[in-house]
Amino acid sequence: MLMRLRWILSPIGALVLMAVPHHLAAQTPFESSTGPIPYNGQYSRGQDVVPSYDGWKANPDGTFSMYFGYMNRNFEEQLDIDIGPNNNVDGGDRGQPTHFYPRRHWFVFKVVVPKDWGVDKKVTWTLSIRGKTNTAKGWLQPDWELSNEVMMENVGAGNRDPDNEAPVITGTGPQTISLPDTVTLSAVARDDLLPRPRG
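Using my numbering, you'd call the opening residue of the sequence shown number 11 and step up by one each time.
See the structure below:
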């Protein structure tokens with residue numbers, strides 16, 4: 011019985027051994043039937059920035075907020091792209107960033123569009139750097155409607171809360187006085203108290 015089992019398993023073992031080199035050859039990195047594949051690994055610097063459309067939310071007043079982010083393809087290098095022909099949203103400044111931290115950043119800024127904005131009408135963010143031009147086109151496609159839960163799931167460490175508004179300080183403005191007269195200055199600071207304290 012043992013001899014018969016060896017006789018059956020030997021051809022099976024030979025087939026397995028013959029298949030293994032082909033299987034391993036198919037997984038050899040950076041080679042293909044047409045030649046070497048360019049390196050697709052991590053780059054510390056020298057890459058471009060790609061804008062992204064992250065989705066939209068309906069606002070209580072009937073307008074819509076379209077959220078944009080970006081992917082800096084560098085793992086270390088931070089880039090600066092000034093507002094202008096190389097960094098514009100539909101030809102201008104709509105609050106988009108000019109400093110780009112490495113890697114992926116969601117919900118960096120929003121563009122508010124009116125309530126009568128058509129479903130097919132687009133907002134386009136264009137970034138050009140290092141000879142590459144990339145665009146992100148946002149529109150009110152139903153599949154891209156965001157909820158607070160979806161936004162929280164996508165905001166990782168190092169990104170701000172997407173609904174957090176920066177604190178605002180208002181004051182009385184410039185005043186002219188003559189000495190020895192006095193003047194009263196007043197200021198008001200407002201904050202939305204986000205993000206909420208943990209615990």
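Even for Gly, the Cβ is constructed at its ideal location relative to N, Cα and C.
Best match in H109, N69, S196 and T136 for proximity to G148 [C-alpha to C-alpha]: One-based indexing of the sequence shown puts residue 148 at position 138. Ranking the options by Cα distance to G148, first place goes to T136.
Inter-residue CB distance, S54 and F85 (contact presumed, cutoff 8 Å): Reading the sequence shown from its first residue, position 44 is the one you call residue 54. Reading the sequence shown from its first residue, position 75 is the one you call residue 85. 5 Å between Cβ atoms; contact.
Secondary structure of E87, DSSP reduced to three states: Along the sequence shown, one-based indexing puts residue 87 at 77. Correct three-state label for E87: coil.
Buried versus exposed, by CB contacts within 10 Å (16 or more), L89: Counting from 1 along the sequence shown, the entry for residue 89 is found at position 79. With 16 or more other Cβ atoms within 10 Å, it is buried.
Contained beta strand (DSSP E) runs [length at least 3] in the region 50 to 87, N- to C-terminal order: The region 50 to 87 contains these whole beta strand (DSSP E) runs: 59 to 68 and 74 to 82.
Coil, strand or helix - N164 by DSSP: Here residue 164 refers to the residue found at position 154 of the sequence shown. Annotated three-state conformation of N164 is helix, per DSSP.
For T8, the first and last residue of its enclosing beta strand (DSSP E): Because the chain is modelled from 11 through 209, residue 8 falls outside the range shown and cannot be assessed.
DSSP three-state assignment for W116, whether helix, strand or coil: Stepping through the sequence shown from its first residue, residue 116 is reached at position 106. In the structure shown, the three-state DSSP call for W116 is strand.
Outcome for D58 when other beta-carbon atoms lying within 10 angstroms are tallied against a minimum of 16: Translated into positions along the sequence shown, residue 58 becomes position 48. Classification of D58: buried, given that the 10 Å Cβ count is 16 or more.
Identity of the residue in N98, W127, T145 and G56 nearest K67 by Cα: Locating residue 67 in the sequence shown gives position 57, where the first residue counts as 1. The option with the nearest alpha carbon to K67 is W127.
Assigned secondary structure, W135 (DSSP; H/G/I helix, E/B strand, else coil): Looking up residue 135 in the sequence shown gives position 125. Under the three-state reduction of DSSP output, W135 falls in the strand class.
Contact belief for V133 with D100 at Cβ below 8 Å, rounded distance in angstroms: Here residue 133 is taken as the residue at index 123 of the sequence shown, counted from 1. Here residue 100 is taken as the residue at index 90 of the sequence shown, counted from 1. At roughly 6 Å, the Cβ-Cβ gap stays under 8 Å, so V133 and D100 are in contact.
Assigned secondary structure, E155 (DSSP; H/G/I helix, E/B strand, else coil): The sequence position of residue 155 within the sequence shown is 145, counting from 1. DSSP places E155 in strand when its eight states are reduced to three.
Spatial distance of P152 from M76 (CA atoms): As a working mapping, residue 152 is identified with position 142 in the sequence shown. As a working mapping, residue 76 is identified with position 66 in the sequence shown. Each residue's alpha carbon lies about 12 Å from the other.
Boundaries (first-last residue) of the beta strand (DSSP E) holding N96: In the sequence shown, the residue the question calls residue 96 occupies position 86. No beta strand (DSSP E) contains N96, which DSSP labels as neither H nor E.
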